[in-house]
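K.L.:
Input: one structure, supplied below.
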DNA sequence: GTAGAACTTAGAGCGCGCTCGAAGTCAAGG
DNA sequence: CCTTGACTTCGAGCGCGCTCTAAGTTCTAC
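Here it is as C-alpha cells:
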C-alpha cells in the first residue's frame, strides 16, 4: 500500500523539524494531516511532495504569506481563476529568482576576484624576500 | 577633489536607509565615518565601496555576525593571518553560494515545468468544448 | 528671532519564521 | 501498576536585522 510516515519519519524525509511541520499545518500551509487512532499524524506521499515544494519556495525566499495565498488557491480547486492565479504567482517568483540568479553570479565573480587577490597577497607575505607586497584593492 | 557624500546621498548611492547606515557603523561593520564641523557624517568613495561589498554579502545571505568578523580582520591590517582568514571566509562563502546557485537553478526548472503545466490547464479550461481537462500533478 | 529642515544620539520596538515549554494523552514494556 | 517515550495542544518566547521614536543640535531662510 502507500507508505504512511510518522512525524519523525516526515522530519527525516523533509529536513524540517516536527515543530515546523506542525506549525505549517497550524497556519494552513499544509492541509490537516490525517490521524491514526491515537491522534498521531501520518503523512502521505502527496503530503511530502507538497511539503517539498513549499520548502523549495521558502528556500528561494518566498514569504510564508505568499505561500499561504498559493496554498489557499490550491485548496480552491482547479478552476480557471485558481489555475491562473497560481500560474501568475509562480511566474512572478520565477522572475524574482532570475534576478537573484544574476546577482548571485555577479557576487560569485566578485568573490573569485577577491580570493585570487588574497591568494597573491598571501604568497607575497609568505616569501617577503622574493616579492614585495602589492598595492591595490 | 574626492567627492564626499552626505548621509542622504549615501542612501541614494547604496540603497540602504540612513537608519541602516548608522546601525552598521554603530555595530562596527563600517568604520567611524568622518564628520563635518556640524557633526554630520560624510562618506568617502572608499566607504561606499566597502558598503557596496557588505551589501553584496548580505544580499547573498552572509550573516551580520560573519560580516563583523570579516570587518574586524580588515581592520587588523594586511598581515598574513588577516589575509589568510579573510580568504578562507570568502572561500567558504563562495562554496555556500555555489550550492545556492544549484538549488536556485533546480527550483527554476521546477517552476518552469509547473508554469507550463498551468498554462496547458488554463487553455483547457478556457475552451472546455475542445479539450477535456487533463489529469496529473 | 523664529521656523523648518536635516542631521545627531540612545534606546526601544517590530515583523518574520520559527522554536520552545508546559501540560496532557496514549501505548508498550517490565 | 508504573515508567518511559513518542506524540498531542496551545501559547509564549526568541534571534535576526533592521526600523522607529524621542529629544536635542545646528544651519539656512525669511
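Residue numbers (the numbering used here), protein chains in the order written: chain V, 1 to 137; chain G, 1 to 137. All C-beta atoms in this analysis are idealised placements derived from N, C-alpha and C, irrespective of residue type, glycine included.
1) Residue 66(V) versus chain G: which residues are under 9 Å apart at the beta carbon?
2) Quick one: is residue 94(G) near chain V, going by C-beta distance under 7 Å?
3) For residue 88(G), which of helix, strand or coil comes out of DSSP?
4) Taking only three categories from DSSP, how would you classify residue 41(G)?
5) Report all residues from its chain with a CB closer than 6 Å to the CB of residue 97(G); omit the five preceding and five following residues, and keep chain order.
6) For residue 59(G), return the contacting residues in chain V, with the cut-off set at a CB-CB distance below 8 Å.
7) When you compare only the Cα positions, how much space is there between residue 45(G) and residue 67(V)?
8) Among 3(V), 113(V), 34(V) and 28(V), which residue has its Cα nearest to the Cα of residue 69(V)?
9) Report the option in 125(G), 90(G) and 124(G) whose CA atom is closest to the CA atom of residue 112(V).
10) Going by other Cβ atoms of all chains shown within 10 Å of its Cβ, with 16 needed for buried, is residue 163(V) buried or exposed?
11) Please state whether DSSP places residue 5(V) in a helix, a strand or coil.
12) For a cutoff of 7 Å on Cβ pairs, would you count residue 84(G) as touching chain V?
13) Tell me the DSSP bridge mates of residue 35(G)?
14) Applying the criterion that 16 or more other CB atoms from any shown protein chain within 10 Å of the CB defines a buried residue, is residue 14(V) buried or exposed?
15) If contact means a Cβ-Cβ distance below 8 Å, which residues of the segment 9-40 of chain V contact chain G?
16) Using DSSP with H/G/I as helix, E/B as strand and the rest coil, what is residue 29(V)?
17) Closer than 8 Å is the cut-off here; do at least three beta carbon pairs connect the segment 2-9 of chain G with the segment 36-51 of chain G?
18) Rounded to whole angstroms, how far is the Cβ of residue 126(V) from the Cβ of residue 80(G), which I believe are closer than 8 Å?
19) Residues of chain V with a CB under 8 Å from the CB of residue 74(G): which are they?
20) Specify, as a first and last residue, the run of the alpha helix (DSSP H) that residue 67(G) falls within.
21) In chain G, what lies closer than 8 Å to residue 90(V) by C-beta?
P.N.:
With the structure as the only source:
1) By one-based count along the first chain, residue 66(V) stands at place 66. Going along chain G, no residue has its Cβ under 9 Å from residue 66(V), so there is no contact; the nearest lies around 13 Å.
2) To locate residue 94(G), count along the second chain from 1; it is residue 94. So, interface residue.
3) As a first step, residue 88(G) is located in the second chain; it is residue number 88 there, counting from the start. Three-state result, residue 88(G): helix.
4) Within the second chain, residue 41(G) is the residue found at index 41, counting from 1. Strand at residue 41(G).
5) If you number the second chain from 1, residue 97(G) lands on position 97. Within the same chain, residue 97(G) has close Cβ partners 60.
6) Position 59 of the second chain, counting from 1, holds the residue named residue 59(G). 103 and 107, listed in chain order.
7) Counting from one through the second chain, the residue named residue 45(G) turns up at place 45. Counting from one through the first chain, the residue named residue 67(V) turns up at place 67. About 41 Å.
8) The sequence position of residue 69(V) within the first chain is 69, counting from 1. Of 3(V), 113(V), 34(V) and 28(V), the residue nearest in Cα terms is 28(V).
9) By 1-based counting over the first chain, the position of residue 112(V) is 112. Of the listed residues, the one whose Cα sits closest to residue 112(V) is 90(G).
10) Because residue 163(V) is not part of the residues shown, which for chain V are 1 to 137, the question remains open.
11) Walking along the first chain from the start, residue 5(V) turns up at place 5. Three-state DSSP puts residue 5(V) in a strand.
12) Taking the first residue of the second chain as position 1, residue 84(G) is located at position 84. Cβ-Cβ to chain V under 7 Å: yes for residue 84(G).
13) Within the second chain, the letter at position 35 stands for residue 35(G). The partner list for residue 35(G) (beta bridge, DSSP) reads 41(G).
14) Residue mapping note: residue 14(V) aligns to position 14 of the first chain, counting from 1. Under this definition residue 14(V) is a buried residue.
15) none
16) Here residue 29(V) refers to the residue found at position 29 when the first chain is read from its first residue. Reduced to three states, the DSSP call for residue 29(V) is coil.
17) yes
18) The sequence position of residue 126(V) within the first chain is 126, counting from 1. The sequence position of residue 80(G) within the second chain is 80, counting from 1. About 7 Å separates the two Cβ atoms, so the contact holds.
19) Start at 1 with the first residue of the second chain, and residue 74(G) comes out as number 74. Ordered by position in chain V, no residue passes the 8 Å Cβ test against residue 74(G), which lies about 11 Å from the chain.
20) Counting from one through the second chain, the residue named residue 67(G) turns up at place 67. Segment 64-76, the alpha helix (DSSP H) holding residue 67(G).
21) Position 90 of the first chain, counting from 1, holds the residue named residue 90(V). Chain G residues near residue 90(V): 111, 114, 115 and 118.
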